[in-house]
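Protein chains in written order, with our numbering: chain A, 48 to 609; chain B, -17 to 446; chain C, 172 to 547. Note that beta-carbon positions come from the ideal geometry of N, C-alpha and C, so glycine has one too.
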Amino acid sequence: MTAHETIPATITAEERAETAERLAQAVEKPLLRRYHAPRWDEPLIFQLSAEGHRGIEVPSVPEGSVDGSPEAAFRKRTPANLPQVGQSQLLRHYLRLSQETLGADLNVDIGQGTCTMKYSPKINERFAGSPQSVHTHPLQDEATMQGTLQILDELQSYIAEVSGMDAVSLQAGSGSAAIYGNVKIVQAYHADRGEADQRDEIVTTIFSHPSNAATAKTAGYKVITLYPDENGFPDLDALKSVISDRTAALFITNPEDTGIFNPRITEYVDAVHSVGGICVYDQANANGLLGIARAREAGFDLCHFNLHKTFSTPHACGGPAAGAIGATDALEPFLPGPRLTRGDNGYEWAPRREKATADIRPFYGVIPNLIRAYAWIRSLGAEGLRAVSEIAVLNNNYLLAELLKVEGMTAPYAEGQHRLEQVRYSWQELTDETGVTSSEIGARMADYGMHYWTSHHPYIVPEPVTLEPTESYSKRELDEYIASLKHTAEEARNAPDTVRSAPHRSGIHTIDVDATTDPETWATSWRAYRRKYQGEDQAQVPRWEAPQDLPVRPRAPKAHHR
Amino acid sequence: MAQGATPVHPYVPNSAPETKAEMLRAIGVDSVDEFFSVIPEKLRMQRPLDLPPALAAEAELERHVNRLLGKNTPVTQAVSFLGSGCYPHHVPAVCDEINTRAEFLTAYAGEPYEDHGKWQAIFEYTSLMAELLEMDVVNVPTYDGYQAAATAIRMAGRVTSRSRVIVTDLLAVGKRDKIETFLDGAMEIDFVSPRAETGRLHAEDVRALIGPDTAAVFIETPNLYGVIEAEAREIAELAHANGSVVVCSTDPISLGFTEAPATWGADIVCGDIQSLGIGMHYGGANGGFIATHDDEHFVFEYPSRLFGLAPTRVEGEIGFCDVAYERTSLAMREEGIEWVGTAAALWGITAGAYLALMGPTGMQQLGDTVAVRTREAMTALAAIPGVEVLHADSPHWREFAVRFPGRSVDDVNAALLERGVFGGASAQTVFGRGDADTAVYCITELHTSSDIAELADALKEILA
Amino acid sequence: MSPAQPLRIGLIVNPVSGIGGPAGLGGSDGAAAQAEALARGSVPRSGSRAERLLRALTRQGVTAEILTARGAMGEDAVRAAGWEPALVLPIPEAGRPTTAADTSRIAAELRPRVDVIVFAGGDGTARDVLAGTDEEVILLGVPAGVKMHSGVFARSPEAAAGIIAASGGASVSHPVEIVDIDEEARRNGRLNSRIYGRARVLGRRGSTQGGKIGSTAETGEQLGGIAAEVDERIDPEAVVLFGPGTTVRRVSEAMGFESTLLGVDAVIDGELVGSDCSAEELARLTEGRRVQLVVSPVGGQGFLLGRGNQQIDERVLARVDADDLLIVCTSAKLGDLAGGPFWIDAQDPSLIERFAGPRRVIVGRHHEAVVRVSIA
């Protein structure tokens, strides 16, 4: 038999054309993905436990080494009831859980508005995780830490330049912690002038982050919240009606979560200054203003940034984060945390300022995030930062223009105007028409591999969704999000039940949130579950018992049901 | 690309001129400047930001930052005995891997659908801590151990409706400040000091301070002298007899060695998770935990989030939910409501992975190793003329205090540094007060007998 | 969760609802107004609205038993939507216009037989349904009237279908106020609103929690804190008047007494000195004393004071200083009202001008909101 007798029959033209057609569909993917979330149906770690399995060995001492020492009497008799899992089994388990988590690195994460889910550059992970940083101790001699100290000093100067403020503290571990820090600075400032008792009110707005009100309340202030007028920001007259010599401070965000910039902000600041109050700028929404407008020019006395928002440090499932506080010279004496100074011996930690407010957290700050923020700023430089803001705002207005074409979606306030870096939309019209709510749309967006966030509570904008594209996503990625949202809106009309019962392509299905939220039914840990639902006995231990005459604390009524 | 145009930065894709133009056209404006027209001129920056030139090339950035970090001397390149609130324990490679997974690292506030894995990982952290602490309720992490302590004390105040608290006087200066300011206006503090002979609290001294208005007694064990609070059980008894809550701060890594505080009567246990597979990061890596029994009196006073198991509409699926009930609407309280924010979730996940990796045997072995090595170091140093080991007869774990009579710790440490040794921190630095001749030394499972010998030799030389 | 048996819905259509509006009449109450509206060529809309609801239920695959009344009061709409009613109650012959009493009677007959009463109508219909039942009845309104200020209405027939589909067998409901605006006064150019009572509406208040990390859990009411604030501001020498509404009622409960839901009560130094007072009683009680007023925005439009609360008349208002008007409102409700404005109505605006403008509203302990108060 010759070679060419084994050649198969020729493919017909029709078959070839059909294959070409099928391939074309595969290589020209539409914007709307047929996404399915990874689904491992992974058990809890406890179910993977097997007697004698070890995850890691540790340096050990011979058995009985503790005997005879003063420590012996305190040695635990039985080992802790932790699971026993081999090393690769444990790794496998957590990697599967990570796959079931939709990090910003993997999706077009513009749906978590106000969170500024921008790209956290991988190169910065090398720095934050460098052994030259991980294995350093806060109390080691400054001579051995000149690298980190220089990074902190330079980062302080960059934050000062971006904000226009005179002095910076990098100690806060998050935005809310920085806000709390600012509240304490306000408090200390007025106490220093003998006006602490007199000034017991803080004014804020409903579109500012809830931590503005909550931290003020925690510090003992009375809080006055301004609501927006038809422009989307509070009325100046409303502000003037509530400020007085009782006003300690105004805590305000600009632009607020609606993305609308209040152009009269200096009038607000002047009004508060005229009664002797301090103006504090919550710059959680700074991503559209870098190199464009600053706290200083607007007249603010204090400000704060969320480094895990504007300055790219990763969100890490909800922390660790980092916050930076900026202050004018007048408020600098009250900044918390140790002061960094530079002398003949290089950088050193100086004693705390005499009037400094209490440390917000241990030691100096969330160092790995401070290093990441530093590197991000150094990579971009002045022009880069400006480009970040210009493009973040461009992306947002592109999104706005496209989404306003979706039937049933509106952008309340500032009709026809541009926004800065985010927008709070309303699906009210769609809900009126179809009965499908914003939350339900959000659950369906998970089926396209997208996040979606409505708003802080209480909702002022009805059926809200807040979207913030940042500068990180490409036009195609924005178009993908738009396509998914548009498609979901259509489904709300044509197949509302599909949207209502979403998610369908997620790792799990709709959670019955009401089943386990009672004291009798909630299971806050595996241990609690075993006791409540499997009847496991727990050892009796000495505990505090409520005295007979303990005043009954009033409990609010349950949220729902009958 | 047009000459002189700004290069397109890799982090800002749509700044590419063609894409930018396309988008502007779609919006119907000529330039991005129009978007900013709402901002009045007087608020606009009139010059570019004054920042150093961009290191846009990744290689240039890496060179620059590595040069800076290269000026640090990590403890791995020395022999360090520093502890005092930040501890050098081993960071397992698996913990690093989990902690740096892109999915976990860049997730945020997603729902328990698209972020199901995150919710499960955090629930497992709280569950693993619950096993270690032998308590049913553990919070989603707060910022750090300082915040956890301050919050836990105020919780006790609300539970008992009383306004005084007895607090151990042996606190890190920052922790003391934090507790004092956080309680300001809400509760009064009565400090109780450890006794010089033993380096720990004595029940008698607590008894002398306790009264009908005492909401809680707050202790730490092991304390910052490394001493295990041997009379904790007695203190708890007298506190409970007085209707006071026992709040105990501890390092969870120590619970492989000592009994869980709940076993001797702690009602609220709190502390920092930094030791659990996280690393030191120059004091910048922390997470705070608060744990209680599943008692409504306590559970209703948590300001933090609590995660719970929940079924889904499909049988056999595990879901998770916020155990969110009307806690913050308890507005009859005179105290302010606290707040919840981005805190330390990924450190929690990492700490949970650490505990599962270690398992009961790993924790027990680490506990034994630390106890034995600490005692070994105490013995070695006690033999050196010019070194006085304090509280030698008391049980210790991971730390111990020494005195250098007639010398300052700063001088001793400077001399040690020349020999490549980071000596223990001075009491003045740690506590913000105290004697200049007293230092606290830290020994973990990472210290070997030869490290201890090296320290002893160096001290012998220096103090001779 | 799947209910063991299909949901039993009592459907009532008010055939005359809504005809007043398009005819240029402010509402449809009263035989005269109805006749006028029909004469002006107005076509009843409520039936078609009910039909839309049922069609939407079909699309969503909801199984239910519909119990209704004959003809235009429900049966027609049910059949037009392709459903077969499980029960049809008799009504008077066609030709005699249906009355409020008819609605109330049908509601009463349906009450024991159904899980939820769904009605197509307006505030007046809601009032009539309530009159025939009780506070515990679960209702859902399909908007078809001219005025729909009660919180019992879905936003549209389709939205109502959505609520029914998601309701899990009517196991989830929350309380609402049933309000109404006095039609005759309104036609004469005066606005006022009154609370007629309360009932329960199908569904969960607000949306499901979309908890974002970083949001304080300010869900639920802050009534204890509001009560504490009010308590602090009360002058023991003053006579304190507690206005109508559920928020004021719950604040009063936290203060140790129970204010009248529909009326005005007077308290002096912690003692209830007048309950559900008339205007005369209030005039007498407030003479010669400082007067403090605790009020909350009522209904879907945020009315604080109106002519409907005739008890708090000009004589009493004249004795109230601007700062003694204590407005209470939870954040959740303030959100529902989109942050204001609140309304006050009076025949003589100059009398109440001092109450207008941006005003502080107590929303919790140490927490106030600034809301604009406007003259209606």
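- For M169 (chain B), none of the residues of chain A pass the 7 Å Cβ criterion, the least Cβ distance being about 13 Å.
- Taking 8 Å as the cut-off between beta carbons, the residues of the segment 326 to 341 of chain C near chain A are R326, S327, E329, A330, A331, A332, G333, I334, A336, A337, in sequence order.
- Sixteen is the threshold: when 16 or more other Cβ atoms of the shown chains lie within 10 Å of the Cβ of G303 (chain C), as they do, the residue is buried.
- For N229 (chain A), not one C-beta of chain B is nearer than 9 Å to its own C-beta.
- Assigned with DSSP and collapsed to three states, P543 (chain A) falls in helix.
- Using a Cβ-Cβ cut-off of 9 Å, K264 (chain A) counts as an interface residue toward chain C, since at least one Cβ of chain C sits closer than that to its own.
- For F404 (chain B) against L445 (chain B), the beta-carbon gap comes to about 17 Å, at or over 8 Å, which does not count as contact.
- Interface with chain C (9 Å Cβ-Cβ cutoff): E480 (chain A) is included.
- A Cβ of chain B is located within less than 9 Å of the beta carbon of V588 (chain A).
- Remark: C-beta atoms of I397 (chain C) and T239 (chain C) do not approach each other more closely than 9 Å.
- Within the same chain, N154, V155, G158, Y528, S531 come within 7 Å of M497 (chain A) by CB-CB distance, once the 5 residues on both sides are set aside.
- In terms of Cα proximity to Y336 (chain B), the closest of B:V296, B:H72, B:V228 is B:H72.
- Non-local beta-carbon contacts of E358 (chain B) in its own chain, meaning distances under 7 Å to residues more than five positions away in sequence, involve S431, I434 in chain order.
- Chain order gives the chain B residues near I558 (chain A) as P94, A292, T294, G301, C303, where near means a beta carbon separation below 7 Å.
- When rounded, the separation of the alpha-carbon atoms in A190 (chain A) and G390 (chain A) is 12 Å.
- For the 9 Å CB-CB criterion, R466 (chain A) and A549 (chain A) do not form a contact.
- Excluding the 5 residues flanking it on each side, D247 (chain C) has same chain C-beta neighbours closer than 7 Å at G218, in chain order.
- The segment 165 to 184 of chain A makes contact with the segment 259 to 279 of chain B; the number of CB pairs closer than 8 Å reaches 3 or more.
- Checking the DSSP bridge columns, you'll see D436 (chain C) partnered with C:F413.
- For F17 (chain B), the CB contacts under 8 Å within the same chain, skipping 5 residues up- and downstream, are V11 in chain order.
- Per DSSP, K402 (chain A) is not a residue of any alpha helix (DSSP H), being assigned neither H nor E.
- Three or more Cβ pairs drawn from the segment 206 to 223 of chain A and the segment 249 to 258 of chain A lie within less than 8 Å of each other, which places the two stretches in contact.
- The C-alpha of P529 (chain C) is placed about 24 Å away from the C-alpha of R486 (chain C).
- For W514 (chain C), the enclosing beta strand (DSSP E) covers residues 513 to 515.
- Of all residues in the segment 530 to 549 of chain A, only P543, D544, R547 place a beta-carbon less than 7 Å from a beta-carbon of chain C.
- Put simply, the backbone Cα of S135 (chain A) is about 13 Å away from that of S96 (chain A).
- For V343 (chain C) and S107 (chain A), the gap between their C-alpha atoms comes out near 58 Å.
- DSSP places R80 (chain A) in the coil class of the three-state scheme, outside both helix and strand.
- If one requires a minimum length of 3 residues, the beta strand (DSSP E) runs lying completely within the segment 261 to 337 of chain C are 287 to 292, 309 to 314, in chain order.
- Here T501 (chain A) is near P511 (chain A), since their CB atoms are less than 9 Å apart.
- When the Cα atoms are used, E462 (chain A) and I414 (chain A) turn out to be separated by approximately 43 Å.
- In the same chain as I334 (chain C), and ignoring 5 residues on each side of it, the C-beta atoms closer than 8 Å to its own belong to L311, A325, L373, G374, in chain order.
- Counting only Cβ-Cβ distances below 7 Å, V113 (chain A) has contacts in chain B at D350, A353, V354, in chain order.
- With respect to chain C, the C-beta atom of L354 (chain A) has no partner C-beta closer than 9 Å.
- Taking 9 Å as the cut-off, the Cβ atoms of E539 (chain C) and V289 (chain A) count as close.
- Nothing from the segment 311 to 332 of chain A brings a Cβ to less than 8 Å from some Cβ of chain C.
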